[in-house]
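Protein chains in written order, with my numbering: chain A, 714 to 934; chain B, 635 to 891; chain C, 218 to 438; chain D, 165 to 435; chain E, 165 to 435. Since the structure comes first, as structure tokens, the remarks are kept for the end.
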Amino acid sequence: MFDWKWDFVWEIMPRLLVATGNTLLAAGAGYAIAIVLGLVFALAQRGPSRLLAFVVRELVEFIRSTPLLLQVFFVFFVGPQFGIRLSPWTSGMIAIGLHYACYLSEVYRGGIESVPRGQWEASTALNMSTIQTYRRVIIPQAIPSSLTGMGNYLVGIFKDTPMLSVIGVAELVHTANAIGSEHYRFLEPLTLVGLIFLAISLPAAGLIRLLEGYVRRKLGM
Amino acid sequence: GPLNDRIAAGEPIRIGFANIPVFGYPDDNGDPKGFANEITLGILNEMGLTDIEAVVTDWGGLIPGLMANRYDIITGGQYILGARCENISFSEPIAQTGDSFLVPAGNPLGLTNYQDILNNPDTMLALYSGANTVGAARQEGLTDAQLMQLPGPTEVLAALRAGRADAAALTSFESFYLAAESDGAFEAQDPSALPDWTLNWVGIGFRDEDVDFRAEFNEAHARYMGSDEMMAAMEQYGYVESNLPGATTTEWACANR
Amino acid sequence: MTIVEFLSTYWPRLLTGTGVTIVQFFLAAFLGVAISLVMGLLKLSPNRMLRGFAISYIEFFRGTSLLVQLFWIFYVLPLFGVSIDKFTAGYVAVGMNIGGYGAELVRGGILSVRKGQWEAALAINLSPAKRMWRIILPQALVNMLPAWGNLMIELLKATALVALISVPDLMFEARQINGSTFLSAQVFGTALVIYYLLARFMITPFMRWLERFMARKLGMV
Amino acid sequence: MTQSFDHPLEITGTPPPMVSFRNVCKAYGSLVVLDNLNLDINAGEMVSIIGPSGSGKTTVLRMLMTLEQINGGVIYVDGKPLTHMPKHGKLVPANQRHLRQRRVDIGMCFQHFNLFPHMTALENCMEGPVQVLGMRKPEARARCEELLEMVGMIDKKDQHPSRLSGGQQQRVAIARALAMRPKVMLFDEVTSALDPEVIGEVTEVIRKLVSEHNLTMLMVTHQMGFARDISDRVCFFYGGKIEEQGPPSQIFGNPERERTQQFLSAVREAI
Amino acid sequence: MTQSFDHPLEITGTPPPMVSFRNVCKAYGSLVVLDNLNLDINAGEMVSIIGPSGSGKTTVLRMLMTLEQINGGVIYVDGKPLTHMPKHGKLVPANQRHLRQRRVDIGMCFQHFNLFPHMTALENCMEGPVQVLGMRKPEARARCEELLEMVGMIDKKDQHPSRLSGGQQQRVAIARALAMRPKVMLFDEVTSALDPEVIGEVTEVIRKLVSEHNLTMLMVTHQMGFARDISDRVCFFYGGKIEEQGPPSQIFGNPERERTQQFLSAVREAI
Ligand SMILES: Nc1ncnc2c1ncn2[C@@H]1O[C@H](COP(=O)(O)OP(=O)(O)OP(=O)(O)O)[C@@H](O)[C@H]1O
Ligand SMILES: Nc1ncnc2c1ncn2[C@@H]1O[C@H](COP(=O)(O)OP(=O)(O)OP(=O)(O)O)[C@@H](O)[C@H]1O
Ligand SMILES: [Mg+2]
Ligand SMILES: [Mg+2]
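So this is what it looks like as structure tokens:
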């Protein structure tokens, strides 16, 4: 029953590799946005302005509580009704970046809260400003405990790029499904998608592990 | 084959289909509807088989589910294409149909076929990824710059509404159905505006192992095709005489499509 | 069709779909938490075999996507003679996938507990299991809870993928209704709101409550 | 924590005291830790706080460092209110900006050190001068290396705190606080992890900096020898109040109150 | 860390010493902290370790608690090897199981307390007796409440560590360690955060438990008074070695070595 066709694999490989490029690009750009924006969200929620904290809190809750698929859909198809007309790529990367920024802001929050209170007090005693305290004392110590979460999302963001297919970005899963419907064979394309994801995420996870080790050593932990 | 074994064991025949209007879809009770389903049920009835179980699935799950023995026959409107014939077995054709462009009401840009798109570089054509229309568009000289490949009808309609695409290439059944459902927002173009070679034949899918059952099915198919009984059932789907497959065989479609 | 008409026609299907989604969520969450704990702990085990096993599990389930895993469990395993019904296949796949991500969070949380706590537990000669369960994990939990809040919401959204193997959950019903009516805005809008309500008013409050509860338990308020 | 200050307290004396607690109250929930505390410390004065465990000694320092909010009263530093600010002729609880401005004058060294684990000993010391005082790096390094030298930690200056012994960490913490040269220095049991030899050295360092820069010093200690040695005045805390205060010779030699005598007789026994 | 022990060391004497360091070496990277340490402690003996900061006092306790791996030599407890185990007639480095078995005899109280933040004072104390010794809860509670009473912490028994003052935390840590009644107790500067009055009380508690249960005690301290009061023998550590040891009267009254005299004269000055 179980038949695996190698020649079919070689036939579809080039198309999948092109799609892999698209996936990498979308995920990479989205993650870059998310890393920075996530920190902004996390800090805004701890900032002095109650109103800003509330607004950002609700925004984060809304974005992370609703499916990325529908967000992408809305940015791309409903945006033009409000005069926002972005290309599929731009809307895709903004949507995915925004979505992951909300996840990362929660990861950062956990990291920040796990820094012992004594560190805040020591910074106060040196009369460091809030910004200096975050930048020099709290965030460097929050990073090691945030790294696992950040690693999870780096590995995870690749697997969310299929959401971009609803706006016609030809990423990996989209392409594999197209190949499947053309040939009525889904086994090879979808399995290859899994393997390609694995080939991307293994080095990514390895990189994070190295980074974790480096940071812990750097902190003398 | 396994299907005959099932029937011998007194188990129901499971037909699998995705939710695609006109071709095959479940009604509100989950009962199989659509012309491909009706014809399949008619032929099975002709064979004296009435113990049927309907399984609704996702489009992408149709073929893998058939292979994984989660159902026995896939209905739901499958074009008989060469690449597909290599991987599953089709019954003799049950319909022939062409494609048709769906455009905003009044067709402001006058788009009726691939050449119209090609001649107006600012236009964008929406189509389903993995569908036969993608190949057809490419063959007509269109490049990816003017093609927007989307997962399904929902996205295609959204793209037309948002002005992201100016026309969509769909099967004529779907095109007319969507136009009718759109309260006049869209209209379907004449299928004959598209080249003859884009005409396709629809078949019912079987596992390769069920070659014995398929032969019996084809025998009943020959008796049932075009019968008054069938044409009466087809009325509600807009399936007319010209949709009958005529003399075309699956063998020919596999070789030429 | 107005939204009121739409809802009055389709509410029974959306409601049963929501019910299935909730059941899938709880079963998958239960499985996912259990796997996270086991794999997270195994990855910290001094035994190379166990560690290797955990690493393979984590990297495999994080690395290949849930989509591919569902495909394999539902459509490919039967080719090897293992046929699981769709409902079970759904929550098992989602739970095993989330378990891979959760395991990393567990590991990260454990590593962020200060060294003095390990030493103090050792000094009263707690067995390794009790040391972990009674001293380290409760403190690790506090550090990782914000990230778990994310993961639970992701889990809820991930259950939407079981629609692809025809588990009649909310997303499946929404797609079916959309497939026959093309009332995309109403259908997906309603689904979006339901997912949002579940996440925002069930999961998030519960996780926040848990965070506060644990913080209180640690006397950290 | 709203209060009404219809009659803002005035600070008298010329020059005004460097630190001045006026009717300060502090409670944790229902536990009243400090009850109407009044304490003036003059510029350049070195005051030790002694007293039984849990009597609120650390709390006094933490309030002055603005780490705890007070429940009543006002604290003045250098003649100006610290915990409050004037507004429409009244004193209202201070906002963050005011606190930060006034905090420049105060530095603190913690019982648990609270060193920054991701910085070396030298980096820990340089952090304040460079980031807060805006000092140039070479200058800050020179100042900090000198301090680390004085506390006998120069050879460990490039180690992270996790690789230092208890006493070594404590000396780095002392150097870090002194590097800021605030007007008022607060020390919370900073000699507890030090051996007697090092205490002697550290006492010298503190004394030198105090006289050179006219620092005001407030320290909590359990080591009576250190208190006697270094301070101009000793305050004995008991039950949320100052039970007795005076020059060390008087407190240690001739205490008036019964509770003080009792505490000190235990001390004599223990040593 | 492999070693060859062709001639496993023998422990002599009847009864054998409770704790026995034989040629123990310890280095952090290139920094040699302990160099061929030999030290025997008899059952029921109370030994204090004094010495300058960074001389390796804490390291000795941590090695005995098996928190640090040693680089050479063997540590015996109760006549049996702790850091090693016999295998084919040779001593090989111990595995986790062996360590865990032998560790029952040892308890330690840390300089930084390391209380479990998620448990109240009482729960902290009861954790060991209930979970490790398998004691019934009411019994464990009775024992722990008695201990907390003795260290003056009974009224705070339901507080979490974050709400306790430094001295209060330290007393809970002492009670937690004593509740286990190990054969060998290790104390690392446990009186540093305590005021002299409380030191007196705690000394009494320790003395009482030691004589009642014949505990062996090894403590690091900077408080000479405490060392003199409580110990049968005082070891002066210097430069990774025991420079001098003997009964307190000898060490404090009549030290032989120059380095000891120097250290103690600083002490006398500081007090
Ligand atoms: N993890 C480590 N890595 C490197 N060096 C270390 C480490 N731990 C301790 N040291 C060094 O080993 C030496 C001895 O440390 P130890 O903690 O035993 O000192 P100590 O005698 O207890 O001093 P103190 O009285 O200050 O507590 C110190 O010089 C310290 O810097
Ligand atoms: N965050 C808190 N919540 C509740 N009570 C607290 C808190 N911090 C301190 N306390 C209580 O306040 C009292 C005074 O604490 P403080 O730390 O000022 O004592 P201390 O005089 O410094 O004692 P020690 O000499 O033991 O350090 C103690 O009884 C303590 O239990
Ligand atoms: Mg204190
Ligand atoms: Mg030490």
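Cβ atoms here follow ideal geometry from the backbone N, Cα and C, with glycine treated the same way. In this text, all values refer to a predicted model and were calculated from it rather than measured experimentally.
In this structure, does DSSP put B:W835 in helix, strand or coil? Stepping through the second sequence from its first residue, residue 835 of chain B is reached at position 201. Residue state, collapsed to three classes: strand.
Can you list, in chain order, the residues of its chain whose CB lies under 6 Å from that of A:I913, leaving out five sequence neighbours each side? Sequence index remark: in the first sequence, residue 913 of chain A carries index 200 (1-based). Result list for A:I913: F871, in chain order.
Quick one: what does DSSP say D:V224 is sitting in, helix, strand or coil? Numbered from its first residue, the fourth sequence carries residue 224 of chain D at position 60. Of the three classes helix, strand and coil, the one that applies to D:V224 here is helix, per DSSP.
By the three-class DSSP mapping on this structure, what secondary structure does D:P172 have? Here residue 172 of chain D is taken as the residue at index 8 of the fourth sequence, counted from 1. Per-residue confidence for D:P172 stands at a pLDDT of 48, beneath the threshold of 50, marking its modelled position as unreliable; no derived number is given.
In three-state DSSP terms, what is D:V467? Residue 467 of chain D lies beyond the range of chain D shown here (165 to 435); nothing can be said about it.
Can you name the residues of chain B whose CB is closer than 9 Å to the CB of A:A732? Translated into positions along the first sequence, residue 732 of chain A becomes position 19. Near A:A732 there are no residues of chain B at all, since even the closest Cβ is about 11 Å away, more than 9 Å.
Measuring straight from C-alpha to C-alpha, what distance separates D:T230 and D:V241? Mapped onto the fourth sequence, residue 230 of chain D falls at position 66. Mapped onto the fourth sequence, residue 241 of chain D falls at position 77. Looking at the two C-alpha atoms, the distance is approximately 12 Å.
In the DSSP output, what is B:E821 paired with across the bridge? Looking up residue 821 of chain B in the second sequence gives position 187. Paired residues: B:V737.
Could you tell me which chain D residues have their CB closer than 7 Å to the CB of E:E358, listed as they occur along the chain? Taking the first residue of the fifth sequence as 1, we reach residue 358 of chain E at position 194. Position check: residue 358 of chain E holds Leu in this sequence, whereas Glu was assumed. For a Cβ distance threshold of 7 Å, residue set S217, H386 of chain D lies close to E:L358, ordered along the chain.
What are the residues in the region 898 to 912 of chain A lying within 9 Å of chain B by C-beta distance? R898, F899, L900, L903
Got a sec? Which residues, its chain only, sit under 6 Å from E:A304 by beta carbon, not counting five neighbours each side? As a working mapping, residue 304 of chain E is identified with position 140 in the fifth sequence. Taken in chain order, the residues that qualify are M290, P293, V294.
In chain order, what residues have a CB nearer than 5 Å to some heavy atom of ligand 4? Taking a cut-off of 5 Å from the heavy atoms of ligand 4, the residues with a C-beta inside it are D:S329, D:G330, E:T222.
Just checking, does the region 334 to 345 of chain E make contact with the region 362 to 372 of chain E on the three C-beta pairs under 8 Å criterion? yes
Return yes when at least one heavy atom of ligand 1 lies under 6 Å from the C-beta of D:V354, else no. Position 190 of the fourth sequence, counted from the start, is the residue given in the question as residue 354 of chain D. No, the Cβ of D:V354 stays beyond 6 Å of every heavy atom of ligand 1.
Buried or exposed, going by whether 16 or more other CB atoms sit within 10 Å of the CB of E:E407? The residue you call residue 407 of chain E lines up with position 243 of the fifth sequence. Buried is the call here.
Given 6 Å as the limit, tell me if C:R433 has its C-beta closer than that to any heavy atom belonging to ligand 2. What you label residue 433 of chain C is simply residue 216 of the third sequence in a count that begins at 1. Outside the cutoff, so no.
For B:R648, I'd like the list of residues in its chain whose CB is within less than 7 Å of its CB, leaving aside the five on either flank, ordered along the chain. Position 14 of the second sequence, counted from the start, is the residue given in the question as residue 648 of chain B. So the qualifying residues of the chain are E687, V689, Y705, D706.
Between C:L286 and chain B, is any beta-carbon pair separated by less than 7 Å? Here residue 286 of chain C refers to the residue found at position 69 of the third sequence. Going by the sequence as given, residue 286 of chain C is Gln instead of Leu. C:Q286 does not count as touching chain B.
Residues of chain B with CB under 7 Å from C:F223, in chain order? Mapped onto the third sequence, residue 223 of chain C falls at position 6. Chain B residues near C:F223: none, gap ~14 Å exceeds 7 Å.
Using a C-beta to C-beta distance shorter than 8 Å, which residues of chain D count as neighbours of E:T222? Taking the fifth sequence and counting its residues from 1, one reaches residue 222 of chain E at position 58. Chain D residues near E:T222: S329, G330.
Residues of chain B with a CB under 9 Å from the CB of C:A380: which are they? Counted from its first residue, the third sequence places residue 380 of chain C at position 163. Correct list: D692.
Beta-carbon gap between A:T874 and A:A732 smaller than 7 Å: The residue labelled residue 874 of chain A in the question sits at position 161 within the first sequence. The residue labelled residue 732 of chain A in the question sits at position 19 within the first sequence. Cβ atoms of A:T874 and A:A732: not closer than 7 Å.
Would you say the beta carbon of E:G218 comes nearer than 6 Å to a heavy atom of ligand 1? Against the fifth sequence, residue 218 of chain E aligns to sequence position 54. It does: the Cβ of E:G218 is within 6 Å (strictly closer) of some heavy atom of ligand 1.
Near A:A814, which residues of its chain fall below 7 Å by C-beta distance, leaving aside the five closest residues on each side in sequence? Translated into positions along the first sequence, residue 814 of chain A becomes position 101. For A:A814, where only same-chain residues beyond five positions count, the Cβ hits under 7 Å are I746, A747, L750, G751, F754.
In three-state DSSP terms, what is D:I406? What you label residue 406 of chain D is simply residue 242 of the fourth sequence in a count that begins at 1. Three-state DSSP puts D:I406 in a strand.
Can you find the residues in the same chain that come closer than 8 Å, C-beta to C-beta, to E:H171, ignoring five residues on each side of it along the sequence? Counting from 1 along the fifth sequence, the entry for residue 171 of chain E is found at position 7. Residue placement at E:H171 cannot be trusted, given a pLDDT of 45 that sits under 50; the coordinates are not used to answer.
Would E:M210 and E:S375 be called neighbours here (beta carbons separated by less than 7 Å)? By 1-based counting over the fifth sequence, the position of residue 210 of chain E is 46. By 1-based counting over the fifth sequence, the position of residue 375 of chain E is 211. Using a Cβ distance threshold of 7 Å, E:M210 and E:S375 do not count as a contacting pair.
Using a Cβ cut-off of 7 Å (strictly closer), state whether C:F247 contacts chain B. Position 30 of the third sequence, counting from 1, holds the residue named residue 247 of chain C. False, the Cβ-Cβ gap to chain B never drops below 7 Å.
Using a beta-carbon distance cut-off of less than 8 Å, what residues from the region 360 to 371 of chain E approach chain D? P360, E361, V362, I363, G364, T367
Give a single yes or no on whether D:Y402 has its beta carbon closer than 6 Å to a heavy atom of ligand 2. Walking along the fourth sequence from the start, residue 402 of chain D turns up at place 238. The answer is no for D:Y402.
Quick check: what's the CA-CA separation for A:G760 versus A:R822? As a first step, residue 760 of chain A must be located in the first sequence, where it is residue number 47. As a first step, residue 822 of chain A must be located in the first sequence, where it is residue number 109. Computed Cα separation, rounded: 12 Å.
Inspect the beta-carbon positions of D:K321 and D:L311 and report whether they are closer than 7 Å. Locating residue 321 of chain D in the fourth sequence gives position 157, where the first residue counts as 1. Locating residue 311 of chain D in the fourth sequence gives position 147, where the first residue counts as 1. Taking 7 Å as the cut-off, the Cβ atoms of D:K321 and D:L311 do not count as close.
Taking CB distances under 7 Å as the criterion, tell me whether C:P295 reaches chain B. If you number the third sequence from 1, residue 295 of chain C lands on position 78. Yes, its Cβ sits closer than 7 Å to a Cβ of chain B.
Separation of D:T247 from D:P257, as counted between CA atoms: Start at 1 with the first residue of the fourth sequence, and residue 257 of chain D comes out as number 93. Start at 1 with the first residue of the fourth sequence, and residue 247 of chain D comes out as number 83. Cα to Cα, the separation comes out at about 6 Å.
When you compare each of C:N264, C:Q241, C:S253 to C:G318 by their alpha carbons, which one comes out closest? The residue you call residue 318 of chain C lines up with position 101 of the third sequence. Here residue 318 of chain C is Tyr; the residue named in the question, Gly, does not match the sequence. When each option's Cα is compared against that of C:Y318, the closest is C:S253.
With H, G and I counted as helix, E and B as strand and the rest as coil, what does DSSP make of D:V369? Against the fourth sequence, residue 369 of chain D aligns to sequence position 205. Helix.
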